[in-house]
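Residue numbers (the numbering used here): 7 to 363.
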Ligand code: ZN
Ligand code: ZN
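Structure below.
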């Protein structure tokens, strides 16, 4: 089923007359529209797309075959046109994603769309988007392949004297040169700075005995990859090997537990238990993973606060980490597709501890 059909079935199931979709990632998922301004009003049996004059032609091509396209203008802005549509379709209520709309926009709508109840709901697209079609998974896999290639490419830079920022730039250059965007600003941290889970690349130069953590991903044809690897410069002492080995063991155990019907909180707990065997759980200061899709931190979390059922077709990152102030940190992250059979790791970058050059 196409995304629009899946959403329409869900609207019917939830008893919603219509949904106003404003989040641009949801709009793209629903329609294939790649512009920056678009809104969909979807009802169980029809849908209408709104954009402004900059995108009329593009929307006609990308969205036209799927649903009616209307252009908003200063004289007839979105709210006025939605009010008109509500009249034409005989709608008494329209739902919207309460997380995506500001209080001011909501106030404006209540004023400009009179006689229609505006209902904030939990975004119905988010849950649907979590389950990917095989075609969507293939696109994430393509993004993962390119990300793997970028990793292989920058390995040659790992040597004493090279700045974190040089590695960051090289990753960016490589991905963009291959026609991709960055899924997010890459993280490159080394030595004691590798204890910063989301540290920014700096002018610090790599030194013998440093851990270097690189976290980055390509966004290719709208789909994201998200990969983290930690490598060592020149040598790794026993403590570094112990920490690395335990993070890897936790990651492998968690990936293996990503099965249909599992619970995201339990998988997170499992990773913490493996780390606890070496008294490292207290240094694991973030959630185990997140949903991955057209945005890098997509809906869904694997964490102690997320009581969430794992289902076939979902794609998750699994990224345990240990961050010890003054010592450094290790994070290993893969993108994992949940299938009926077994969890499938979509990226192929090696995971044993690399000591470079
Ligand atoms: Zn990442
Ligand atoms: Zn991630």
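Cβ atoms here follow ideal geometry from the backbone N, Cα and C, with glycine treated the same way.
Keep in mind the model is a prediction, meaning the values are calculated, not measured.
Secondary structure within the region 95-163: the beta strand (DSSP E) runs of 3 or more consecutive residues, fully enclosed, are 99-103 and 123-127 (chain order).
Taking C-beta atoms under 8 angstroms as the contact rule, residue 194 and residue 207 qualify, at a distance of about 4 angstroms.
For a cut-off of 8 angstroms, the C-beta gap from residue 266 to residue 135 is around 18 angstroms, too long to register as a contact. Straight-line spacing of the CA atoms in residue 191 and residue 172 works out to 14 angstroms. Following the DSSP letters along the chain, one finds residue 307 inside the beta strand (DSSP E) bounded by residues 304-308. Excluding the 5 residues flanking it on each side, residue 51 has same chain C-beta neighbours closer than 8 angstroms at 14, in chain order. Listed in chain order, the non-local C-beta contacts of residue 276 below 7 angstroms within the same chain comprise 259, 260 and 263, local neighbours out to five positions each way being set aside. Here the region 83-101 lies against the region 121-132, with 3 or more beta-carbon pairs under 8 angstroms apart. For the options 76, 318, 70 and 293, the alpha carbon positioned closest to that of residue 56 is the one of 76. Scanning its chain for C-beta atoms nearer than 6 angstroms, with the 5 sequence neighbours on each side dropped, one finds around residue 221 the residues 193 and 234, in chain order. In this structure, the C-beta of residue 323 approaches ligand 2 to less than 8 angstroms from one of its heavy atoms.
Contact check for residue 273 and residue 298: beta-carbon distance about 15 angstroms, past the 8 angstroms limit, so the pair fails to qualify. Across the set 108, 205 and 164, the C-alpha of 108 shows the shortest separation from the C-alpha of residue 29. Counting other Cβ atoms within 10 Å of its Cβ, residue 138 reaches 16 or more and is therefore classed as buried. By the Cβ criterion, the region 315-323 is not in contact with the region 279-291, since fewer than three pairs of Cβ atoms, one from each stretch, lie closer than 8 angstroms.
For residue 102, the Cβ stays outside the 8 angstroms cut-off from all heavy atoms of ligand 1.
Three or more Cβ pairs drawn from the region 196-205 and the region 335-347 lie within less than 8 angstroms of each other, which places the two stretches in contact. 45 is the residue among 226, 45, 355 and 330 whose C-alpha sits nearest the C-alpha of residue 106.
Between residue 17 and residue 47, the beta carbon gap of about 11 angstroms keeps them out of contact (Cβ cut-off 8 angstroms). In the DSSP annotation of this structure, the continuous segment of the alpha helix (DSSP H) that includes residue 250 starts and ends at 244-262.
Residue 302 has its CB nearer than 8 angstroms to a heavy atom of ligand 2. Rounded to the nearest whole angstrom, the CA to CA distance from residue 71 to residue 49 is 17 angstroms. Taken atom to atom, the span from the alpha-carbon of residue 129 to that of residue 345 is near 25 angstroms. The criterion of a C-beta distance shorter than 9 angstroms is not satisfied by residue 359 and residue 256. Inclusion of residue 127 and residue 22 in the CB contact set at 9 angstroms is warranted, their separation being smaller than that value.
In the three-state DSSP reduction, residue 236 falls in the strand class (E or B). Here residue 187 is bridged, per DSSP, to 225.
Bridge pairing for residue 57: 77 [DSSP]. Rounded to whole angstroms, the separation of the alpha carbons of residue 39 and residue 65 is 7 angstroms.
Given a length threshold of 3 residues, each whole run of the beta strand (DSSP E) inside the region 192-223 is given here in chain order: 193-196 and 217-222. If you look at residue 169, you'll find it isn't in any beta strand (DSSP E); DSSP assigns it neither H nor E. By the beta-carbon neighbour count (other beta carbons within 10 angstroms, threshold 16), residue 246 is buried.
Partner residues in a beta bridge of residue 69, as assigned by DSSP, do not exist. In this structure, residue 118 lies away from residue 155, with their beta-carbon atoms at least 9 angstroms apart. Nearest neighbour of residue 355 by Cα position, chosen from 7, 278, 236 and 12, turns out to be 236.
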